[in-house]
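Undergrad: Numbering (this note's numbering), first residue to last: 73 to 835. Even for Gly, the Cβ is constructed at its ideal location relative to N, Cα and C.
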Amino acid sequence: MSRARVLFVVILLALGAAVLVRVLRVDGDQRATGGAAESAATALGVGDSAALARALDAEQRVQSEASRAPLAPAPVDTKPSGARVLVRVVADDTGAPIDGAHVRHGVRAATTGPNSSTPSKPELRELPATGADGRVEFDCAEDVALVLEASATVGDVASRPFELDVAPLAEGERRELVVRLCFEPDRDVYVRAIDRARRAPIANVRVLARPDRGAFGSDPDELALPPERAVLHAMTTDANGLARVPLRSWQRAYLELEGAGWGRRLVQPRGAHATPESALDVELAKAARLVGRLAGAGAGEVCLRTSVFPLYAAATYELAFDGDLDDVVWRAPLRADGEFAFDALPPEVDLRAEFRPDGGVAVNLGDEVRLEPGETRRVEWSLAGTCVVQGRVLDASGAPVAATEVWLVRETNTRVHVFDEYSDAQQRCATATTDDAGRFEFDGVRAGAWQVGPAAIVGRTYSPPTTGLAGTSVRLDVAPTDRTRTVELRVDRDLFVEGRVVGPDGAPVEGAYLFVRGVTTQDEFHSSTVEARSLAERAVHGAGPVESRFRCGPLVRDRYRLVAHAQGFGASTELEADAGAKDLVLALTAAGTIRGRIVDEGCGALPVDVQVSPSGARLEFERMGMDTLASELTFSIEGLVGGRYDLVATCARGHVGVRRAIDVRGGSVTELGDVALGASARLRLRTTAGKVVALVRSEDALVRAHKVEVDAPFECSVPPGRVRVELARVERDGLRVAFHVLSEERLELAPGETKELVLEAPK
73 MSRARVLFVV ILLALGAAVL VRVLRVDGDQ RATGGAAESA ATALGVGDSA
123 ALARALDAEQ RVQSEASRAP LAPAPVDTKP SGARVLVRVV ADDTGAPIDG
173 AHVRHGVRAA TTGPNSSTPS KPELRELPAT GADGRVEFDC AEDVALVLEA
223 SATVGDVASR PFELDVAPLA EGERRELVVR LCFEPDRDVY VRAIDRARRA
273 PIANVRVLAR PDRGAFGSDP DELALPPERA VLHAMTTDAN GLARVPLRSW
323 QRAYLELEGA GWGRRLVQPR GAHATPESAL DVELAKAARL VGRLAGAGAG
373 EVCLRTSVFP LYAAATYELA FDGDLDDVVW RAPLRADGEF AFDALPPEVD
423 LRAEFRPDGG VAVNLGDEVR LEPGETRRVE WSLAGTCVVQ GRVLDASGAP
473 VAATEVWLVR ETNTRVHVFD EYSDAQQRCA TATTDDAGRF EFDGVRAGAW
523 QVGPAAIVGR TYSPPTTGLA GTSVRLDVAP TDRTRTVELR VDRDLFVEGR
573 VVGPDGAPVE GAYLFVRGVT TQDEFHSSTV EARSLAERAV HGAGPVESRF
623 RCGPLVRDRY RLVAHAQGFG ASTELEADAG AKDLVLALTA AGTIRGRIVD
673 EGCGALPVDV QVSPSGARLE FERMGMDTLA SELTFSIEGL VGGRYDLVAT
723 CARGHVGVRR AIDVRGGSVT ELGDVALGAS ARLRLRTTAG KVVALVRSED
773 ALVRAHKVEV DAPFECSVPP GRVRVELARV ERDGLRVAFH VLSEERLELA
823 PGETKELVLE APK
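1. Determine the contact status of residue 337 and residue 329, defining contact as a CB-CB distance below 9 Å.
2. Could you give the DSSP three-state label for residue 495: helix, strand or coil?
3. Would residue 819 and residue 799 be called neighbours here (beta carbons separated by less than 9 Å)?
4. In chain order, what residues of the same chain have a beta carbon less than 7 Å from the beta carbon of residue 370, not counting five sequence neighbours either side?
5. Give me, in chain order, the residues of the same chain whose beta-carbon lies closer than 6 Å to that of residue 436; leave out the 5 immediate sequence neighbours on both sides.
6. Thinking just about the alpha-carbon of each residue, which of 171, 418, 830 and 175 is nearest to the one in residue 197?
7. In terms of residues, what are the limits of the beta strand (DSSP E) holding residue 590?
8. In this structure, how does DSSP classify residue 382 when only helix, strand and coil are distinguished?
9. Between residue 407 and residue 226, what straight-line distance do the alpha-carbon atoms span, to the nearest angstrom?
10. Please report the Cβ distance between residue 631 and residue 650, rounded to the nearest whole angstrom; I am assuming they are in contact, meaning their Cβ atoms lie under 8 Å.
11. I'd like the list of long-range same chain contacts for residue 456, defined as Cβ closer than 8 Å, with 5 residues on each side in sequence excluded.
12. Could you tell me the boundaries of the beta strand (DSSP E) in which residue 648 lies?
13. Given a cut-off of 9 Å on the beta-carbon distance, is the pair residue 173 and residue 230 in contact?
14. How long is the line joining the alpha carbons of residue 634 and residue 503, rounded to whole angstroms?
15. Could you check what DSSP says for residue 513 in three-state terms: helix, strand or coil?
16. In the structure shown, what three-state DSSP assignment does residue 526 receive?
17. Would you list the residues sitting across from residue 501 in a DSSP beta bridge?
18. Cutting at 6 Å between CB atoms, please list the residues of its own chain near residue 644, excluding the five before and the five after it.
19. Can you tell me the Cβ-Cβ gap for residue 524 and residue 466, rounded? I've got them flagged as a contact below 8 Å.
20. For residue 155, which residues does DSSP report across the bridge?
21. Which word fits residue 744, buried or exposed, when buried means at least 16 other C-beta atoms lie within 10 angstroms of its C-beta?
22. Please determine, among 157, 723, 306 and 549, the residue with the shortest C-alpha to C-alpha distance to residue 218.
23. Can the beta-carbon of residue 701 be found closer than 9 Å to that of residue 680?
24. Could you tell me which residues DSSP pairs with residue 358 in its beta bridges?
25. How far does the beta strand (DSSP E) with residue 639 in it extend, from its first residue to its last?
26. So, for residue 294: in the same chain, excluding its five sequence neighbours on each side, which residues have a beta-carbon less than 6 Å away from its beta-carbon?
27. To the nearest angstrom, report how far apart residue 309 and residue 168 are at their CA atoms.
28. Write down every uninterrupted run of the beta strand (DSSP E) in the stretch 436-481 whose length is 3 residues or greater and which is fully enclosed by it, in chain order.
29. Just to confirm my understanding: we take residue 715, look at its own chain, exclude 5 residues before and 5 after, and list those with CB closer than 7 Å. What are they?
30. Pop quiz: residue 276 and residue 203 are said to be a contact at Cβ under 8 Å. What is the actual Cβ separation, rounded to whole angstroms?
31. Name the two residues that bound the continuous beta strand (DSSP E) containing residue 558.
32. Assuming residue 792 and residue 822 form a contact by the criterion Cβ under 8 Å, report the distance between their Cβ atoms to the nearest whole angstrom.
33. In this structure, how does DSSP classify residue 273 when only helix, strand and coil are distinguished?
34. Give me, in chain order, the residues of the same chain whose beta-carbon lies closer than 8 Å to that of residue 769; leave out the 5 immediate sequence neighbours on both sides.
35. Classify residue 580 as helix, strand or coil using the three-state DSSP reduction.
36. Please look up how many angstroms separate the CB atoms of residue 706 and residue 669, rounded, as I've assumed it's under 8 Å.
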């Protein structure tokens, strides 16, 4: 029995036998909800017996009144303590006050969740931003352990996140806390620019460190990487092609490399590149040129677009990307004679061309262009001979649907589906809105394979949808001789799947999230549960049990697979349901936690990446866990289903440590103690097979899972000894992602050795 529950029973015994009978009934509800009384005490800012008794007394009064009629919440006896905290936020290096710093505070709970023995994260309240003097004040209850969080952004530089445990204050006490925020770089990354063709270093290459916010821009018409975009640091490679880039371990950043006559490349440095010897090699190829003439067009500009991912070096391609990125766009004005020219284009990248008339809608031009390094190509394009695509949008009953946005999207695969906000938005070439009769029209459509469908449902992923309509796309093959084509789109209205998420004990789980995937359409998105009322409101105001419900959609008519996840729990069993299903129940499983501390004598370089994966050959995303240590050397990886796991830790200087066959049980914590890091070997992977997935293992323990490309090798630190590199493909089984191994290579590496391996696709 937890300390909070013992305290709960003692207090209620003191209230008398009649109250005890009532409490015994409520105690069963507490087991299902994880201790409502304690959560109420935490949210109210109380931590002693008297304060908790006052909260429970208020709950009793409200519930007795609520049994007769629904009333407004009764006031809670919260006698002001007079305790006050003054927070002063300053810069760590200068001591100068920080204007506009964000400070949050909350009550440090002493309880534990059902699957972890760590104190639960308190709900933090945002205080007003600090003023010019860097100060902010707030009142608090006495005898309560507080937690304080502070952060600030000056220009485009974010501070290191700061968290402080505050000892309880006495009644009437005033306490001043000084918070020092660090903005200075604490990590060096060395980058080497290399001529891909000659394998020689390149001097005078510009290296820009830019803040990575996950997406380069939200407006498709916005240049994704403008020259004026914020620069954290700028430097130039020396005669050896080297540049030292100071970075902040707590701020995600990417590097942009571009030199005169060289195609632009982007990298997100990860791992050990803290010395010139371990520099991150970035291969550059000669830039290409595209010149040409566009006939039949008026005033405007020619644009070239490509997804930002091909500009990234292979070392940045993690299997789970950090964010969704918009297209990169190059623009060239169309001269009066129809001529245009693009200089310094990246080679070996698929470029999509379009014409944007002044004040008009963009028109797609011809096929994609792919240029070789150093190539100059001339093209002749014309707007003559295009097609007009006309259509209507109808609902399931055949009624027209007005004021609905429709997209014309370049077809990249033949599957009809619900358009999404990311990949389909990147391939979108035109947009139209239906009139009162549901009609729409696209002019200037060139020959080729297209898909037409309702626009992506903005906000359906991770937030409530902005519309109740959903519909799949329609394929459209436009021939060179076509002048008019018609399509009909059908949409469904207000179809959702609804239900709730519970824990292994049947109690509702707040903050769970779901993955949803259509069986036929393969439509995939996420949704979060919505808490009807907080635990504190339930305990104090008698509002009834907290509901952890979800409402996913809108959907098209199909059968869907659902699985739920939540921090501290294992994933639920996959459930199938038709669109429109209600009262579904997804039960999370008990999960385990692995804890430990990194020990690396003589190094201790941050950040440290800690990864756990199932022991053995099979690997599933859902069973992996990761942590990045940026401020301290202790780690805690939660949400692991029962089984055996291997752990691999790598510091910023390349030291590696491995722990194998760790037993994890659901609902328990496995303490590893110290995990020692030591000297490593280096493995350099190349391929001639296009894009492949390489699984790098130390014996059976997974070290890295990475994509490798023909024109960009991948390097990683590995423990010395026997290493196995597997060539694999990604496979899906419902909502689960796994890897099927196609071939493998085995080798032996000595400490400090660097070895290159070329991956070949199986015959």
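TA: Reading it off the structure:
1. Going by beta carbons, residue 337 and residue 329 fall inside the 9 Å limit.
2. The DSSP-derived three-state label of residue 495 is helix.
3. No, these two residues do not count as a Cβ contact at 9 Å.
4. The beta carbon of residue 370 sits closer than 7 Å to the beta carbons of 429 from its chain, once the five residues preceding and following it are set aside; these are given in chain order.
5. Closer than 6 Å at Cβ, skipping near neighbours: 426, 501 and 518.
6. The residue with the shortest Cα to Cα distance from residue 197 is 175.
7. Unbroken beta strand (DSSP E) run through residue 590: 585-590.
8. In the three-state DSSP reduction, residue 382 falls in the helix class (H, G or I).
9. Answer to the nearest angstrom: the Cα atoms are 43 Å apart.
10. Contact annotation, residue 631 with residue 650: C-beta distance approximately 5 Å; criterion of less than 8 Å satisfied.
11. Counting only Cβ-Cβ distances below 8 Å, and skipping sequence neighbours, we find 367 and 368.
12. It spans 647-650 - the beta strand (DSSP E) in which residue 648 sits, taken as one unbroken run.
13. Not a contact, by the Cβ cut-off of 9 Å.
14. Roughly 32 Å between the two C-alpha positions.
15. Of the three classes helix, strand and coil, the one that applies to residue 513 here is strand, per DSSP.
16. In the three-state reduction of the DSSP assignment, residue 526 falls in the strand class, which pools E and B.
17. Per DSSP, none; premise fails for residue 501.
18. The residues are 635, 636, 658, 659 and 660.
19. Contact flag wrong, Cβ pair sits at about 14 Å.
20. Here residue 155 is bridged, per DSSP, to 212.
21. That one is exposed.
22. From the listed residues 157, 723, 306 and 549, the smallest Cα separation to residue 218 is found for 157.
23. Using a Cβ distance threshold of 9 Å, residue 701 and residue 680 count as a contacting pair.
24. According to DSSP, residue 358 bridges with 334.
25. DSSP places residue 639 outside any beta strand (DSSP E), giving it a letter other than H or E.
26. For residue 294, the predicted model reports a pLDDT of 32, less than 50, meaning its position is unreliable and no value from the coordinates is stated.
27. When rounded, the distance between both Cα atoms is 34 Å.
28. Runs of the beta strand (DSSP E) inside the stretch 436-481: 448-454 and 459-467.
29. The answer, listed in chain order, is 686 and 736.
30. Not a contact, Cβ separation roughly 46 Å.
31. Here the beta strand (DSSP E) through residue 558 covers 556-565.
32. Between residue 822 and residue 792 the Cβ distance is about 6 Å, and since that is below 8 Å, they are a contact.
33. Strand at residue 273.
34. Cβ neighbours of residue 769 beyond the five flanking positions: 775, 795, 796, 797 and 798.
35. Three-state DSSP puts residue 580 in a strand.
36. Rounded, the Cβ-Cβ distance is 5 Å, consistent with contact.
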